[in-house]
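Read the structure below first, then the notes.
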Amino acid sequence: MNIGKGLKNRVFGRERVVELDLEAREIVGHLLVTRTSLWGWYGLAPQEWTFTSEDTRTRLWDQNVHRYAQLAGHAIRVRTSSRPFPAYDFARKLDQDTPNPLPDVPGVETFDTYLEAQQRRLHTSLLDDKIVTLGVRLGDAPPVKILRSMVRGEAPSTGAGAKLLEEIKQLNQHLAGTGFDARPLSPTQMAWLMHRSCSLGMPVPPHAGVAGGEWTGEDLYAFTDPVDWFYKPMGRTVRLVGLTPGEKPVERHVAVLTLGRMPTREFPQDGIDPWMLATDRLAVPVEWSASGYLVPPTALRSAVEFERNRAENIDKHYREHEETPPPAVTRGIKEAIATYDEVTEGDARTAVRFAGPIRAAVWGTTEDECLSHARTLMDRYGESYRIEVAHPPGQVELLREFIPGELWALSGYQRRMSVGYFAAGMPHVSSSVGTPTGPYLGYTTATARRAVLHDGHFPMERLNAPGVVPIVAEPGGGKSTLVGVLAYHSVTRGQPTIILDPSGPLARLCQMPSFAPHARHLNLTDAEPGTLAPWQLIPEPQPQEFRSEREYGRAKARAHAERKQLGFDTFRMMLPNTTLRNPATDKRLRDAIRYVGGSVSVNPHQVIKMLRAGDEYAREIADLLEESSEFPLGELIFPTDRSSEFTAEAATDKQLVVITMPGLVLPSPDTDRDHWSIEELFAQPLLHLAAFYTSRFIYRRSMGERKNIFLDESHFMGNWGSGRALFVRLGRDSRKWNTAVYTSSQHPEDVLSVGRVEALIGGALVGRLEDLDIAEKAMTGLLRAPKEYATAVTKLSPRPAPGSTFDVSRTGEFIYRDCYGRVDKIRVDRDWAPELATVLETTPGLPRLASKEAPPQLFIDEVADLFGLGRDGAAA
Amino acid sequence: MSRVPSIRTDDAPRRLRAVWLGPRGHTLSWAWEYRRWATFGAIWLGFSAVLGLILWQAEPLLGLIAGPMWAMPFAHLVTARLMPYVDYDRPIRYWRRVIPGEWKRSQQTPTGERQVRVNTREIVVVHDWSMEVLRTLYLRSTDRCAPLAQPRWGWRQ
Ligand SMILES: Nc1ncnc2c1ncn2[C@@H]1O[C@H](COP(=O)(O)OP(=O)(O)OP(=O)(O)O)[C@@H](O)[C@H]1O
Ligand SMILES: [Mg+2]
Chain U
12 MNIGKGLKNR
22 VFGRERVVEL
32 DLEAREIVGH
42 LLVTRTSLWG
52 WYGLAPQEWT
62 FTSEDTRTRL
72 WDQNVHRYAQ
82 LAGHAIRVRT
92 SSRPFPAYDF
102 ARKLDQDTPN
112 PLPDVPGVET
122 FDTYLEAQQR
132 RLHTSLLDDK
142 IVTLGVRLGD
152 APPVKILRSM
162 VRGEAPSTGA
172 GAKLLEEIKQ
182 LNQHLAGTGF
192 DARPLSPTQM
202 AWLMHRSCSL
212 GMPVPPHAGV
222 AGGEWTGEDL
232 YAFTDPVDWF
242 YKPMGRTVRL
252 VGLTPGEKPV
262 ERHVAVLTLG
272 RMPTREFPQD
282 GIDPWMLATD
292 RLAVPVEWSA
302 SGYLVPPTAL
312 RSAVEFERNR
322 AENIDKHYRE
332 HEETPPPAVT
342 RGIKEAIATY
352 DEVTEGDART
362 AVRFAGPIRA
372 AVWGTTEDEC
382 LSHARTLMDR
392 YGESYRIEVA
402 HPPGQVELLR
412 EFIPGELWAL
422 SGYQRRMSVG
432 YFAAGMPHVS
442 SSVGTPTGPY
452 LGYTTATARR
462 AVLHDGHFPM
472 ERLNAPGVVP
482 IVAEPGGGKS
492 TLVGVLAYHS
502 VTRGQPTIIL
512 DPSGPLARLC
522 QMPSFAPHAR
532 HLNLTDAEPG
542 TLAPWQLIPE
552 PQPQEFRSER
562 EYGRAKARAH
572 AERKQLGFDT
582 FRMMLPNTTL
592 RNPATDKRLR
602 DAIRYVGGSV
612 SVNPHQVIKM
622 LRAGDEYARE
632 IADLLEESSE
642 FPLGELIFPT
652 DRSSEFTAEA
662 ATDKQLVVIT
672 MPGLVLPSPD
682 TDRDHWSIEE
692 LFAQPLLHLA
702 AFYTSRFIYR
712 RSMGERKNIF
722 LDESHFMGNW
732 GSGRALFVRL
742 GRDSRKWNTA
752 VYTSSQHPED
762 VLSVGRVEAL
772 IGGALVGRLE
782 DLDIAEKAMT
792 GLLRAPKEYA
802 TAVTKLSPRP
812 APGSTFDVSR
822 TGEFIYRDCY
832 GRVDKIRVDR
842 DWAPELATVL
852 ETTPGLPRLA
862 SKEAPPQLFI
872 DEVADLFGLG
882 RDGAAA
Chain A
79 MSRVPSIRTD
89 DAPRRLRAVW
99 LGPRGHTLSW
109 AWEYRRWATF
119 GAIWLGFSAV
129 LGLILWQAEP
139 LLGLIAGPMW
149 AMPFAHLVTA
159 RLMPYVDYDR
169 PIRYWRRVIP
179 GEWKRSQQTP
189 TGERQVRVNT
199 REIVVVHDWS
209 MEVLRTLYLR
219 STDRCAPLAQ
229 PRWGWRQ
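Same order as they appear, the protein sequences are chains U and A. Oh and the first sequence: position 261 is 272 in the numbering used here, straight run, nothing missing. Oh and the second sequence: position 121 is 199 in the numbering used here, straight run, nothing missing.
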């Protein structure tokens, strides 16, 4: 018994160290020379996938198939890896892009804290950038002489050298084509890839770059020396120990999995993601290595013929014994014949085959963690892709395959598939959305988790596009939270910001210690009489804004027309539906307004006076309007005396102004106007005019200065001509006046009724809309994505299912169309700034709950489960 | 764009394995693949030889007859135990590579005696793509790197 155990221990139990003797001999630029071969390494550019139409997907896939098919005869290796989000770089750029941050308030948050909080968030989350590289074997290792002359940039002296150079050029060009958009890796990137592969799962040491673009002989030890690989024979994992001098050794357990059988698919119609993409959704880091030959049809022919014959003979054998052959045989014959046909008669796209093993590596800090990650991966593939994933012994050899230039096994788990299937892996489709620079808004959640940056002024300053961004979601969809986060960023960055928030929760931003001295809370219900007088709300164009007298004249005429329209709409809003149905009403109103004209100095009382001078029906209307003007707050619209230029100056001395209208009873967008109470009826023109009041803010600062306007709860805007005109004007002026404008409402129609919105908006954010019809409108109109994805909109920020509690990690989800027109699902992140989170909380009782139950540092909830943080955190 | 036909791997025909159904016209009640017959045969031969030799010592005739006979159930048992490990994705060729490989090309003792090799190249710190980025924070006031108290890779522990 004991002897047996001892023997077993001797044979299996003792850990061995691996002699990491690399195949690589030399690295020159993006070329890797091994003992026998010359490889070129390329980085594939991210491609769009989520929320794109089937045609776009098919086209992308087709381009990929073509690129691979053209590589027939080459060995290739697709290697994906990830690198941490470059938070340092992000912060540096954000800082450089913020010339005048909000002045410090003694004792509280400074701009540094703001930068730091975002960086910490980005550091501690799993928001990695994905790197997809492709190695192509160019041929046998060239003589050293040729390589040397190439490095020195000399013209090749021999025919072989010239040929090689030509080949490399051709390959570079081919891979740079659409679908791949690949670039040769830089020497630094090569070094990084080598490091990453030798020390999988470990942080790459600081000296991952070397001066110059060439690595020879001894230099290559720099990749293998800092790490030791340990394994037990027939073990499940490889233990990697990183030995950075002067630091604590870092340990990782790595398990390499390999793909088994893969199902027949309809791609991309079946709606299942590309098969290499599933790992992006796991909260587990995974790296891929697919190595093999792209077999040209001529080399395949005999093998395929053999397979067909064998299948037919097996069938014949069963029949000789008068037995029915198993269905697998029949199927095999059918597919063998199809394959034979593809290989002998098909074009390159169908004929070329990829043959080789496909591996995925996962790691953890302990063996248990690593194995549990492996199980997660196997489970995901089995469940949603029907792909078998095996975890075979011989881990060291498998792990070696991840290092560029290493050989791969030619027996066991060899996959052979058409390039079409291989291309359907699409590891390089990614979820990049947002602006290249700017503050951190949140992260994508559809496929992979990537950080999303959003700079509202990017479209105007860089793309010459308008900066209006409509935000549409149902109540509780997270609109106000989003507005709060955006405003927090812009104020901290020192940009003048104005928020119209009728119901008022965002006014709490003004009380934040760091903002308090720079903020003003304007209560419109306390404002001077005449603050919302329609004729004064449309700014008078200034001659210096225009290039010619004619343009100026036209703008003035436009302003006059807009004033009259706004006055007309305001009066109509005050009238009950019964009166409005009479066509005579509009005529009387129009006549009266035409008479008083469209200059800034008009007082609404003049219109009533005009009506009184009219016929009996006109006097009736005048009575109704008179009555409305006597409502509380009526004096805002109907000043008793000739109103002075109103008090918008109050808004220009502070960075943050929040305008609220407490006590106003806002009508619900869902109820019919016929059923509105008089209070609701009267609230509407106030709300409408408040939006105009707020948007005047644009013209109070210099044109080039970055400004921000937020119109929360701007429902019904699109129902009225003046509202649509305002939207058009905002779209036009946002670019000229460098103002980011965000309007939030509950219905996409509020924006879509304006007409050609695509020319007016620089992006859109759509949150949960439970009604499918409405969701479809938002999807096609605002996001300009195919209608089929509308169900995604209905499932955003889901309400808790019966019996379960509120899932905080699924709140604040939006579908975001950025200024480039890319669309992806994101979650707005507000938790990196604790101060902000408390200010923006509108769910009753939630802060209490969160502080007690949520473990610290929880970002991605799946991670909590995986690492048992949820339980331990609560216990601790 | 026209509908694209379905995509598939070439597995179906390649997975097929011929079975031996017995002599012509007499189908056996079990269907073993040829490679299983071969494995069984090889193991049986081996066992028979060993058993036969042992019995030969006592009685040559017993060795000749009883050896192969007794070896047969053993061989069957061992084959039945081994065959689940051999399939399309793990052919015998694969095991012939993996098993010796696990005990080859490695040192028994993981000691720190390995020679320390000196890198001859000048090493420079590159900010992008490197760990340096991970451990530092960018701050405006100092315009320099400040150490990050909680390194990114440590937070899971
Ligand atoms: N990004 C987020 N992170 C965390 N919680 C969020 C997020 N977004 C929304 N929530 C939660 O959802 C609640 C409602 O959000 P919010 O008040 O922003 O919705 P809304 O769309 O403005 O609703 P309404 O139309 O009624 O004003 C918040 O109190 C908060 O708890
Ligand atoms: Mg709200």
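C-beta: ideal position from N, C-alpha, C; glycine also.
Sequence-distant residues of the same chain with beta carbon closer than 7 Å to residue i, five excluded per side
i	result
G118 of chain U	none
G773 of chain U	P470, A476, P477, G478, V479, V480, C830
K19 of chain U	none
F649 of chain U	P615, H616, S640
A188 of chain U	Correcting the residue type first, residue 188 of chain U is Gly in the shown sequence and not Ala. Excluding residues within five positions, the ones whose Cβ falls inside 7 Å are R78.
T235 of chain U	L31, L33, C209
A801 of chain U	L783, A786, E787, M790
Y121 of chain A	It should be pointed out that residue 121 of chain A corresponds to Ile in this sequence rather than to Tyr. The residues are A153, V156, T157.
R312 of chain U	V354, T355
L231 of chain U	L33, A35
Own chain residues within Cβ distance below 6 Å of residue i, not counting five before or after
i	result
H532 of chain U	A518, C521, V669
D115 of chain U	T121
A86 of chain U	R148, Y304
S501 of chain U	T508, N719
With 16 other Cβ atoms within 10 Å as the buried cut-off, status of residue i
i	result
T47 of chain U	exposed
K747 of chain U	exposed
A844 of chain U	buried
G608 of chain U	exposed
H699 of chain U	buried
Y112 of chain A	exposed
R605 of chain U	exposed
A572 of chain U	exposed
F23 of chain U	exposed
W108 of chain A	exposed
A770 of chain U	exposed
Nearest-angstrom Cα separation, counted from residue j out to residue i
i	j	result
F191 of chain U	L737 of chain U	44 Å
I344 of chain U	G431 of chain U	21 Å
F152 of chain A	S126 of chain A	10 Å
E323 of chain U	T275 of chain U	22 Å
D151 of chain U	L49 of chain U	6 Å
P528 of chain U	L793 of chain U	38 Å
P169 of chain A	R114 of chain A	12 Å
P797 of chain U	Q666 of chain U	40 Å
P91 of chain A	Y163 of chain A	20 Å
D32 of chain U	V44 of chain U	14 Å
S706 of chain U	Y753 of chain U	11 Å
L251 of chain U	H206 of chain U	13 Å
S745 of chain U	I826 of chain U	23 Å
Q186 of chain A	R25 of chain U	For Q186 of chain A, the predicted structure reports a pLDDT of 45, less than 50, and the residue's modelled location is therefore unreliable. The matter cannot be settled from this model.
G487 of chain U	Q695 of chain U	22 Å
A570 of chain U	Y563 of chain U	11 Å
T189 of chain A	K16 of chain U	Low confidence applies here, because T189 of chain A scores a pLDDT of 39, under 50, leaving its location unreliable; read the following figure in that light. Using only the alpha carbons, I get a separation of about 24 Å.
S612 of chain U	P855 of chain U	46 Å
Own chain partners of residue i with C-beta closer than 8 Å, once the 5 adjacent residues on each side are dropped
i	result
Y454 of chain U	S136, L138, R460, R461, A462, V463, I837, R838, D840
Practice task
Select from the segment 663-689 of chain U all residues with a C-beta closer than 7 Å to any C-beta belonging to chain A, and list them in chain order.
Solution key: none
Practice task
For the segment 166-178 of chain A, enumerate the residues whose C-beta is nearer than 7 Å to any C-beta of chain U, in chain order.
Solution key: D167, R168, P169, R171, Y172, R175, V176
Exercise for the section: With 7 Å as the C-beta to C-beta threshold (strictly closer), list the residues of the segment 224-242 of chain U near chain A in chain order. Expected result: For the segment 224-242 of chain U, which is checked against every Cβ of chain A, the residues closer than 7 Å are E229, D230, Y232, A233, D236, F241.
Practice task
Give, in chain order, every residue of the segment 404-418 of chain U whose Cβ lies closer than 7 Å to some Cβ of chain A.
Solution key: Answer set for the segment 404-418 of chain U: P404, G405, E408.
Exercise for the section: Select from the segment 134-164 of chain U all residues with a C-beta closer than 7 Å to any C-beta belonging to chain A, and list them in chain order. Expected result: H134, T135
Exercise for the section: Could you name the residues of the segment 101-131 of chain U whose beta carbon sits closer than 7 Å to any beta carbon of chain A, in the order they occur along the chain? Expected result: A102, R103, D106, F122, D123, L126, E127, Q130
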